[in-house]
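S.K.: Numbers in this note's numbering are just positions in the sequence shown, counted from 1, shifted up by 1062. For glycine and all other residues, C-beta sits at the position ideal for the given N, C-alpha and C. These numbers come from a predicted model, not from an experiment. One structure, as structure tokens, below. Some questions next.
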Amino acid sequence: MNLSMFSLEGKVALVTGGSRGIGRACALALADAGATVVVSSRKIEGLEPVAEEIRAKGGKGMAIAAHVARTEDSKVLIEKVTKEFGRLDILMNNAGTNPYYGPLMDQDEKTWDITMNVNLKGLFFLSQMAARVMKGQGGGSIINTSSIGGLVPGELGVYCVTKAAVIMLTEVMAKEWGQHNIRVNAIAPGVIKTRLSEALWKDPAVGAQVEKNMPLMRLGEPEELAGAVLLLASDAGSYITGETIVIDGGRIYGEPAHLEKK
1063 MNLSMFSLEG KVALVTGGSR GIGRACALAL ADAGATVVVS SRKIEGLEPV
1113 AEEIRAKGGK GMAIAAHVAR TEDSKVLIEK VTKEFGRLDI LMNNAGTNPY
1163 YGPLMDQDEK TWDITMNVNL KGLFFLSQMA ARVMKGQGGG SIINTSSIGG
1213 LVPGELGVYC VTKAAVIMLT EVMAKEWGQH NIRVNAIAPG VIKTRLSEAL
1263 WKDPAVGAQV EKNMPLMRLG EPEELAGAVL LLASDAGSYI TGETIVIDGG
1313 RIYGEPAHLE KK
């Protein structure tokens, strides 16, 4: 295989939720592959260090603050990217939130709306705007961050519902936009060491229990998702669309079988 198929030279990528965790790791990987990378999230102060890190390694990085739950913000974001670089080849919808952790019986309307607006509504309208640009230039790649919570119900309630919807939205967009050479795929991380999942790993005892329930018996690092994202963003994945790649250390299959004592 020609490894140049993974090259993103000449491509422009936009990564939401790009200030830390999965977004930061994937933004750096896309830049390492040659892409010009725009990172976005609500607060510019968290983005600038990532853009500077990209530039320090000789890449092209730019930071733009935008709240994806606000459609007008997304519109301005797309306009700024296309005005600055003239195109948009890769969109990674990584922004996400989970403001409520508890029983569905106690979920209130405010936290429902926040979760839906960021994780689903914002993702859809930003993708729609990006797809219009990609259609005009002959194609592109959209990568959505879902979760294994979108495949197997867990304790995160409405968050899981939004991530299940992201998987279906990925499939619907892929089915409709493939005719424009726009590929749409998703990744479904398991427990990755990010701020969003701190409740599942920050306490050593809780983290150890979580680790026992997956075949690889360890939590994932944000950098371990970057390879799949690079595949989906590049020509190496040119015939992949509508897919959701599970990256969870095998957690979706449960605890290890025939575990040997060490």
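Among all the DSSP beta bridges, which residues are the ones paired with T1078?
M.R.: Translated into the one-based positions of the sequence shown, residue 1078 becomes position 16. DSSP output for T1078 lists S1102 as bridge partner(s).
S.K.: To the nearest angstrom, report how far apart G1299 and M1067 are at their CA atoms.
M.R.: The residue given as residue 1299 occupies position 237 in the sequence shown. The residue given as residue 1067 occupies position 5 in the sequence shown. If you take the alpha carbons of G1299 and M1067, they lie about 9 Å apart.
S.K.: Is G1198 buried or exposed, if buried means 16 or more other CB atoms sit within 10 Å of its CB?
M.R.: As a first step, residue 1198 is located in the sequence shown; it is residue number 136 there, counting from the start. Answer is exposed; the Cβ neighbour count stays below 16.
S.K.: From I1244 to L1321, what does the alpha carbon distance come to, in whole angstroms?
M.R.: To locate residue 1244, count along the sequence shown from 1; it is residue 182. To locate residue 1321, count along the sequence shown from 1; it is residue 259. Rounded to whole angstroms, I1244 to L1321 spans 44 Å at the Cα level.
S.K.: Measure the Cβ-Cβ separation of A1089 and G1080 and say whether it is below 7 Å.
M.R.: If you number the sequence shown from 1, residue 1089 lands on position 27. If you number the sequence shown from 1, residue 1080 lands on position 18. Result yes, Cβ atoms of A1089 and G1080 sit closer than 7 Å.
S.K.: Nearest CA to the CA of I1309: which residue from E1317, L1065, P1318, V1291?
M.R.: For the purposes of this step, residue 1309 is taken as residue 247 along the sequence shown, with counting starting at 1. Taking each of E1317, L1065, P1318, V1291 in turn and checking the Cα distance to I1309, the smallest one comes out for V1291.
S.K.: L1076 and V1143: beta carbons closer than 7 Å?
M.R.: Numbered from its first residue, the sequence shown carries residue 1076 at position 14. Numbered from its first residue, the sequence shown carries residue 1143 at position 81. Against a cut-off of 7 Å, the Cβ pair of V1143 and L1076 comes out as a contact.
S.K.: Under the three-state reduction of DSSP, which class applies to V1220: helix, strand or coil?
M.R.: In the sequence shown, counting from the first residue as 1, residue 1220 sits at position 158. Residue state, collapsed to three classes: helix.
S.K.: Please state the DSSP three-state secondary structure of G1200.
M.R.: Taking the first residue of the sequence shown as 1, we reach residue 1200 at position 138. Coil.
S.K.: Taking only the alpha-carbon atoms, compute the straight-line gap between F1186 and Q1271 and give it to the nearest angstrom.
M.R.: The residue labelled residue 1186 in the question sits at position 124 within the sequence shown. The residue labelled residue 1271 in the question sits at position 209 within the sequence shown. C-alpha separation (whole angstroms): 35 Å.
S.K.: Thinking just about the alpha-carbon of each residue, which of R1086, K1255, S1296, T1306 is nearest to the one in E1114?
M.R.: Here residue 1114 is taken as the residue at index 52 of the sequence shown, counted from 1. Nearest C-alpha to E1114: R1086.
S.K.: Is I1302 helix, strand or coil when you go by DSSP?
M.R.: Mapped onto the sequence shown, residue 1302 falls at position 240. In this structure, I1302 counts as coil in the three-state DSSP scheme.
S.K.: Counting Cβ pairs closer than 8 Å, one from the stretch 1217-1231 and one from the stretch 1171-1184, do we hit at least three?
M.R.: yes
S.K.: What number of angstroms, rounded off, separates the C-alpha of E1317 from the C-alpha of P1251?
M.R.: For the purposes of this step, residue 1317 is identified with residue 255 of the sequence shown, where counting begins at 1. For the purposes of this step, residue 1251 is identified with residue 189 of the sequence shown, where counting begins at 1. Their Cα atoms are separated by approximately 17 Å.
S.K.: What span of residues does the alpha helix (DSSP H) with A1288 cover, start to end?
M.R.: On the sequence shown, position 226 is the one that residue 1288 refers to. Its alpha helix (DSSP H) spans residues 1288-1295.
S.K.: If we call anything under 7 Å between Cβ atoms a contact, is I1106 one with A1127?
M.R.: If you number the sequence shown from 1, residue 1106 lands on position 44. If you number the sequence shown from 1, residue 1127 lands on position 65. Yes, the pair counts as a contact, with Cβ atoms nearer than the cut-off.
S.K.: How is P1266 classed by DSSP in three states: helix, strand or coil?
M.R.: Looking up residue 1266 in the sequence shown gives position 204. P1266: helix per DSSP, three-state reduction.
S.K.: Classify G1123 as helix, strand or coil using the three-state DSSP reduction.
M.R.: The residue you call residue 1123 lines up with position 61 of the sequence shown. Correct three-state label for G1123: strand.
S.K.: Is the distance from the Cβ of F1147 to the Cβ of V1101 below 7 Å?
M.R.: Within the sequence shown, residue 1147 is the residue found at index 85, counting from 1. Within the sequence shown, residue 1101 is the residue found at index 39, counting from 1. Going by C-beta atoms, F1147 is not nearer than 7 Å to V1101.
S.K.: Considering only the beta carbon of each residue, do I1249 and I1307 sit closer than 7 Å?
M.R.: Translated into the one-based positions of the sequence shown, residue 1249 becomes position 187. Translated into the one-based positions of the sequence shown, residue 1307 becomes position 245. Going by C-beta atoms, I1249 is nearer than 7 Å to I1307.
S.K.: With 16 other CB atoms within 10 Å as the buried threshold, where does G1200 fall?
M.R.: Reading the sequence shown from its first residue, position 138 is the one you call residue 1200. Exposed, since its Cβ has fewer than 16 Cβ neighbours within 10 Å.
S.K.: Report, in whole angstroms, the separation of the C-beta atoms of S1136 and L1092, which I expect to be a contact under 8 Å.
M.R.: As a working mapping, residue 1136 is identified with position 74 in the sequence shown. As a working mapping, residue 1092 is identified with position 30 in the sequence shown. Actually they are not in contact, since the Cβ atoms of S1136 and L1092 sit about 20 Å apart, beyond 8 Å.
S.K.: Please report the distance separating the alpha-carbon of G1212 from that of G1282.
M.R.: As a first step, residue 1212 must be located in the sequence shown, where it is residue number 150. As a first step, residue 1282 must be located in the sequence shown, where it is residue number 220. Rounded to whole angstroms, G1212 to G1282 spans 18 Å at the Cα level.
S.K.: To the nearest angstrom, how far is it from the Cα of T1256 to the Cα of M1191?
M.R.: To locate residue 1256, count along the sequence shown from 1; it is residue 194. To locate residue 1191, count along the sequence shown from 1; it is residue 129. So the alpha carbons of these two residues sit roughly 28 Å apart.
S.K.: So, at 6 Å on beta carbons, what are the nonlocal neighbours of M1235 in its own chain, with the 5 sequence-adjacent residues on each side left out?
M.R.: Numbered from its first residue, the sequence shown carries residue 1235 at position 173. Cβ within range, chain order: V1246.
S.K.: Excluding the five sequence neighbours on either side, which residues of its own chain have a C-beta within less than 6 Å of the C-beta of A1226, listed in chain order?
M.R.: Sequence index remark: in the sequence shown, residue 1226 carries index 164 (1-based). Closer than 6 Å at the Cβ level, and outside the excluded window around A1226, lie G1212.
S.K.: Should L1278 go down as buried or exposed, given a rule of 16 or more other Cβ atoms within 10 Å for buried?
M.R.: Locating residue 1278 in the sequence shown gives position 216, counting from the first residue. By the 10 Å Cβ count, L1278 comes out exposed.
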